[in-house]
Each structure stands twice: as C-alpha cells, then as structure tokens.
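Sequential numbering from 10 applies to the sequence shown in this note's numbering.
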Amino acid sequence: MDNKIGEDGECNGRSGKSFMFKALSYFMKSVKLSGRNPKLMDNPHVFDQVNQHTDFILVDDCDRYLNTGLFYDIITSDMTVNPKNNQSFTIPFEESAKLGFTTNYVPIDFDPSTEARLLYLVFSDYYHQRTEDNDYRETRSIRDDFGKDLFSKTYSENEWNADINFFLQCCRFYLSLCEESIKLLPPMENIIRRKYKADMGNNFEDWANSYFSPDSEHLDCFIVREKAFADYKSFSGVNKITMQRFTKALKGFVALCPYIDELNPKDLCNSQGRIVRKDNDGKAADMIYLRSCGTAETAAGGGTEPADPTLMFVPDERPDE
C-alpha cells in the first residue's frame, strides 16, 4: 500500500506496487486477479485459473471496500478451486499458492484476524504521477532512473544476473529469520494515521474539529453521547450512521488530535468501561468525555481536574432506553 497521507478517499498510486509483484512473476507461476471489483469473491469460479502448480496469486489494485476477510480461510488453510465446467478440487495448504494484494487504500480493519494473516508492504511516493490535483512538480517513473523498461527485451544478461542475485539475497535473509518467528514490518505510523482518517471521513473530521475545538465548551466535561451523535447527524445530513460507527470515528479523531489526550478516561468509567451520569432531566445516560492534554498534565502534577459537579455518578446501571 502507499505510505503517503492524503485526504480520505484520495488514492495516489503509481508508486511501483504492481511492478514489484510483476518481478515475482518471472520466477513463480502466477495468477493475477483484478481487485477493482469489490464483489470479486462472489464469483464461484474466481480461482478457475489456479491449480496445484500455481505459486502465487496477485489480487491487484484492490477496491477500497474489497473484503480481504473473505480470503482468510485460503490464506491459512487448504484452497478449494471450482473451475468452470469441471469438478472442483482441493489444494492442500502446503501446496497452495501464496496471496498478495496491492491497493492504494489502508485496510478497513486492523483486528487480530487481519494482523495475524497480513504482512504489510509500504511504498513511498518516490515514484509518482503528477496531476492537477496534487502538489508534485513532475512525474517520476522507474524508466526515469534506469533509462529503460526493466525486464524488457533490451534487458542484458548482466542485468538479469544482478537482479537474480539480489532476489536470492532476499530469500536468504528471509530464511534466516524463519526459525525465530520474527515478523518484519515497515514503519506503520503513516498507515495508522491513514486508517484513523478513513475511520473519520471528511464530514466527521470537519464536525469534530469544530465541536471539540479548544475554544468550545465540549472538552474536559461530560457530554450526553446521544446529543453529540444527534449534532453530528444534523451537521452532516447523514442519518443512516450507527452509534458504533460514530464511536469508531470519534476514536480516530482523538487519536490524531494534538490537543486531546484521551477519550473516556478509565478513571471516569464504570466496571463495564462506560461513563454513565445523570443528565439535566435526572435520567441516567451514556456520556462521552474528551480529556485535553492540558488537563491531563494538571492531573499528573497533582492538580484538580475540572468536572461538572451537577452530574452525579451512576454505578454500573444501564441508562433508560
């Protein structure tokens, strides 16, 4: 995936992802699938080109909403192939192909199932395409550095030999780590930031920057969660969003906001991890609390943290529906 941070929904591309996997196809029997179709796995014959001799399957240029979770079973267990007009067959895990994905987007989920199955590769924007919508001054491609298309008919024997030796060095390094169960990961900071921005979306980020601005009255105090939720829906005009989706976006905002320390501090939560207080009508309600960095520093230094004394603590009870 691309390392560059952009606006939500913005894809950069042209960084060399597909080229890297094309290089592997010269040494492995490969099958390429188009990942642009988010319903790719709805096709019962999606793997009809795959057999026991296939070494690698590339799902190229994956759509933002392609569900990689549908591939998890075949990543970690046997693969069932259902060719058109032929009987289906199963390839044992030990003989089945490895899978690779290229995408301009970050994964939708970073849950344990995803983390256990995926090995991330991050590409810088050293190679890029200049457009009217970005700030690049020029287009840079692999050809600009080498003066030719790599792996083409003009590739010399010495160049092939140099590349093959490099690939063998990579294999030796990988094999040297196998017995130690070490999983090498690239720098993930930008990827995590892109994930949080995707969780928010532009509408939510604009709303949260205003609603929770340093000059607002919505920091370091208890806010009725339903009221904040209703305010966002009114601002965005989006009515189909769920509370779960709203909370996920709020967590993304807090993670990226430089002046907010944390969401719903543990010392304010009950044993169920919720903040329940009496609202202005005296009814128990779920609250949210965004603690600012300045308040967190005051509390750490032994100072008194501001809170709303009119809101009473409600122990481990569910708010009225």
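Beta carbons are placed, not taken as given, at the ideal position from N, Cα and C, and that holds for glycine.
Just so you know, these numbers come straight off a predicted model, no measurement behind them.
Using a Cβ-Cβ distance cut-off of 8 Å, the region 62-72 and the region 33-51 are in contact, since at least three pairs of beta carbons, one from each stretch, lie closer than that value. Around T148, the same chain offers Q138 and R139 as residues with beta carbons nearer than 6 Å, after the five sequence neighbours per side are excluded.
By the Cβ rule, the region 195-214 counts as touching the region 123-133, because three or more pairs are nearer than 8 Å. Pairing T85 with S105, the inter-Cα distance amounts to about 10 Å.
Within the region 66-92, complete beta strand (DSSP E) segments of at least 3 residues are found at 88-90, given in chain order. Per DSSP, R286 lies in no alpha helix (DSSP H) segment; the continuous beta strand (DSSP E) that holds it begins and ends at I284 to K287.
Across the structure, G282 and F175 are spaced so that their CA atoms are roughly 52 Å apart. One thing to note: M37 has its Cβ no nearer than 9 Å to the Cβ of D57.
For Y205, same chain residues with a beta-carbon under 7 Å away, outside a window of 5 residues either side, are G261, A264 and L265 in chain order. The beta carbon of K192 sits closer than 8 Å to those of L128, all from its chain and outside the five residues before and after it, given in chain order. For A217, the enclosing alpha helix (DSSP H) has its first and last residue at E198 to Y220. The beta carbon of W216 lies closer than 6 Å to those of Y241 and F244 in the same chain, with the five residues before and after it left out. Here the alpha carbons of N76 and P121 stand approximately 15 Å from one another. Following the DSSP letters along the chain, one finds T123 in no beta strand (DSSP E) but inside the alpha helix (DSSP H) bounded by residues P121 to R126. As for any alpha helix (DSSP H) of minimum length 4 sitting wholly inside the region 96-165, the runs are 121-126 and 151-155, ordered along the chain. Nearest to E235 by C-alpha distance, out of M252, E226, Y114 and Y220, is M252. Counting only residues of its own chain and dropping the five nearest sequence neighbours on each side, V55 has a CB closer than 8 Å to the CB of L42 and L49. F98 and I83 have their C-alpha atoms some 13 Å from each other. Here the region 219-237 makes contact with the region 288-305; the two share three or more CB pairs at distances below 8 Å. The DSSP-derived three-state label of M37 is coil. R254: not part of any beta strand (DSSP E); member of the alpha helix (DSSP H) spanning M252 to L265, first to last residue. Taking C-beta atoms under 8 Å as the contact rule, F213 and A258 qualify, at a distance of about 4 Å.
Beyond the five residues adjoining it in sequence on each side, C302 comes within less than 6 Å, by CB distance, of Y268 and D270 in the same chain, given in chain order. DSSP, read as helix, strand or coil, puts E271 in strand. DSSP, read as helix, strand or coil, puts D11 in strand.
Under DSSP, S43 forms a beta bridge with D69. DSSP, read as helix, strand or coil, puts S27 in helix.
With a threshold of 16 other beta carbon atoms within 10 Å, L228 meets it and is buried. Secondary structure at I191: coil, using DSSP grouped into helix, strand and coil.
In the displayed model, L228 falls within coil according to three-state DSSP, outside both helix and strand.
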